[in-house]
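Q: Just dropping this structure here.
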Amino acid sequence: MSNETSADTGRRYGLKRVCQTLNFPRSSIHAERARAKATVTPITKLKRGPKPRVPDAALLQAIQDDLESSPFTGEGHRKVWARLRILRGIRASRERVLRLMREHHLLSPHRGPQGEANLHDGRITTDTPNEMWGTDGVRIQTVDDGLVWVFAAVDHCDGYCAGIHAVKAGDRFAALEPIAQGMQSEFGGVSAAIGAGLTLRMDHGSQYTSDDFQNQLKFWGITASYAFVAEPQTNGVAERFNRTMKEQAIHGRIFRNVDEVRDAVVDFKDRYNREWRLEKLGFMSPLEARQARMFKQAA
847 MSNETSADTG
857 RRYGLKRVCQ
867 TLNFPRSSIH
877 AERARAKATV
887 TPITKLKRGP
897 KPRVPDAALL
907 QAIQDDLESS
917 PFTGEGHRKV
927 WARLRILRGI
937 RASRERVLRL
947 MREHHLLSPH
957 RGPQGEANLH
967 DGRITTDTPN
977 EMWGTDGVRI
987 QTVDDGLVWV
997 FAAVDHCDGY
1007 CAGIHAVKAG
1017 DRFAALEPIA
1027 QGMQSEFGGV
1037 SAAIGAGLTL
1047 RMDHGSQYTS
1057 DDFQNQLKFW
1067 GITASYAFVA
1077 EPQTNGVAER
1087 FNRTMKEQAI
1097 HGRIFRNVDE
1107 VRDAVVDFKD
1117 RYNREWRLEK
1127 LGFMSPLEAR
1137 QARMFKQAA
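847 is the number of the first residue of the sequence shown in this note's numbering; add one for each residue after it.
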């Protein structure tokens, strides 16, 4: 009756007026409508098109299994998607993996970039290995030895870590150690001019601007290349490696001394080179990309 239209006014009577006239509580009507609505099964709109070969439930389980078996923490959906395709043969779209990880709170908890983007239109990566290395140092707190230093050298082509060194005193000689390790492993020694053709990207730290450091680079035949002041992205390869190292091997741990830090970062260097998959390499690890390039050149 509330939907009936008055002949005089041309308007509906309305539920409120009808209940007042009949002296009937409106709450009873609303309660009855709620009970009737609860017994109705809603019609779910199905997605159009062919059904995926791997249902969402099975794909979600595969994602969870992959995250549990991974030797790293805090990885995003891209690496999970790549490992599912490469290691498990599960072909699903990256957007679908992202949706499932987002719905079930499996995405990386690490914060995203804050503030306005610092645009950098230059290119710091190279097309061939051992053309440019990046180096940088970070400090890590220990219980007995206080702050200790970790220096690394990373290839700008494939992200391969050529050398890493942990030491108490982060002077110019300690900063040279990962470069010397790379010289030995990649060029076969540390003799004069053995690194000719290699460029070393670094910041303006006192270790890197010292005469001893510069003279040693000249002895090896290495060209020094300094990052722009206040633009750490121009040394982004080494900076990104250090961030990954801290997230995967340093944060959340308590180190007693520099020896424990050294063991941790050396172990991480080996795992990183073998297993850390980089999107710019087609989700190959640095070692896989380097070996693939060697095989291609040999062929």
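Note that CB positions come from ideal geometry on N, CA and C, so glycine has one too.
Could you give the DSSP three-state label for residue 1090: helix, strand or coil?
A: Residue 1090: helix per DSSP, three-state reduction.
Q: For residue 1101, list the residues DSSP reports as bridge partners.
A: The partner list for residue 1101 (beta bridge, DSSP) reads 988.
Q: Using the C-alpha atoms, what's the distance from residue 867 back to residue 876?
A: Distance between the alpha carbons of residue 876 and residue 867 is about 17 angstroms.
Q: If we require 4 or more residues per run, which alpha helix (DSSP H) segments fall completely within the segment 972-1042?
A: Listed in chain order, the complete alpha helix (DSSP H) runs (minimum 4 residues) inside the segment 972-1042 are 1018-1028.
Q: Which two residues bound the contiguous beta strand (DSSP E) that contains residue 1071?
A: Segment 1069-1072, the beta strand (DSSP E) holding residue 1071.
Q: Rounded to the nearest angstrom, what separates residue 1118 and residue 1131 at their Cα positions?
A: Residue 1118 and residue 1131: Cα-Cα distance of roughly 8 angstroms.
Q: By Cβ distance below 7 angstroms, which residues in the same chain neighbour residue 1135 in space, the five residues on each side in sequence not counted?
A: Excluding positions up to five away in sequence, the list reads 1004 and 1127.
Q: Give a yes or no on whether the C-beta atoms belonging to residue 1095 and residue 1110 are separated by under 7 angstroms.
A: Yes, Cβ-Cβ distance for residue 1095 and residue 1110 is below 7 angstroms.
Q: So does the segment 973-981 actually touch the segment 991-999, counting three or more Cβ pairs closer than 8 angstroms?
A: Yes, since at least three Cβ pairs between the segment 973-981 and the segment 991-999 fall closer than 8 angstroms, the two stretches touch.
Q: Could you pull out every residue in the same chain whose Cβ sits closer than 8 angstroms to the Cβ of residue 1034, ignoring the five residues on either side in sequence?
A: For residue 1034, where only same-chain residues beyond five positions count, the Cβ hits under 8 angstroms are 1040.
Q: Could you check what DSSP says for residue 953 in three-state terms: helix, strand or coil?
A: DSSP places residue 953 in coil when its eight states are reduced to three.
Q: Whole angstroms are fine: how far does the CA of residue 907 sit from the CA of residue 1045?
A: Their backbone Cα atoms lie some 46 angstroms apart in a straight line.
Q: Heavy atom of the ligand ADP less than 6 angstroms from the Cβ of residue 923, yes or no?
A: Among the components of this structure there are no ligands whatsoever, and the ligand ADP is therefore not found.
Q: With contact counted as at least three CB pairs below 8 angstroms, one residue from each stretch, are the segment 1057-1068 and the segment 933-948 in contact?
A: Touching, no.
Q: Would you give the residue range spanned by the alpha helix (DSSP H) that residue 919 belongs to?
A: No alpha helix (DSSP H) holds residue 919; DSSP gives it neither H nor E.
Q: For residue 1071, collect the residues of the same chain with a Cβ closer than 8 angstroms to its Cβ; drop the 5 residues on either side in sequence, then sort them by chain order.
A: So the qualifying residues of the chain are 978, 1045, 1046, 1047 and 1048.
Q: CA-CA distance, residue 1074 and residue 971?
A: Using only the alpha carbons, I get a separation of about 15 angstroms.
Q: Below 8 angstroms on the Cβ atoms is my guess for residue 1065 versus residue 1026; work out the distance and round it to an integer in Å.
A: The Cβ separation is near 11 angstroms, so there is no contact.
Q: Considering residue 1140, what are the terminal residues of the alpha helix (DSSP H) in which it resides?
A: 1132-1144 is the span of the alpha helix (DSSP H), which, as asked, contains residue 1140.
Q: Consult DSSP for residue 1044 and reduce its assignment to one of helix, strand or coil.
A: Looking at residue 1044 - three-state DSSP - the assignment turns out to be coil, as it is neither helix nor strand.
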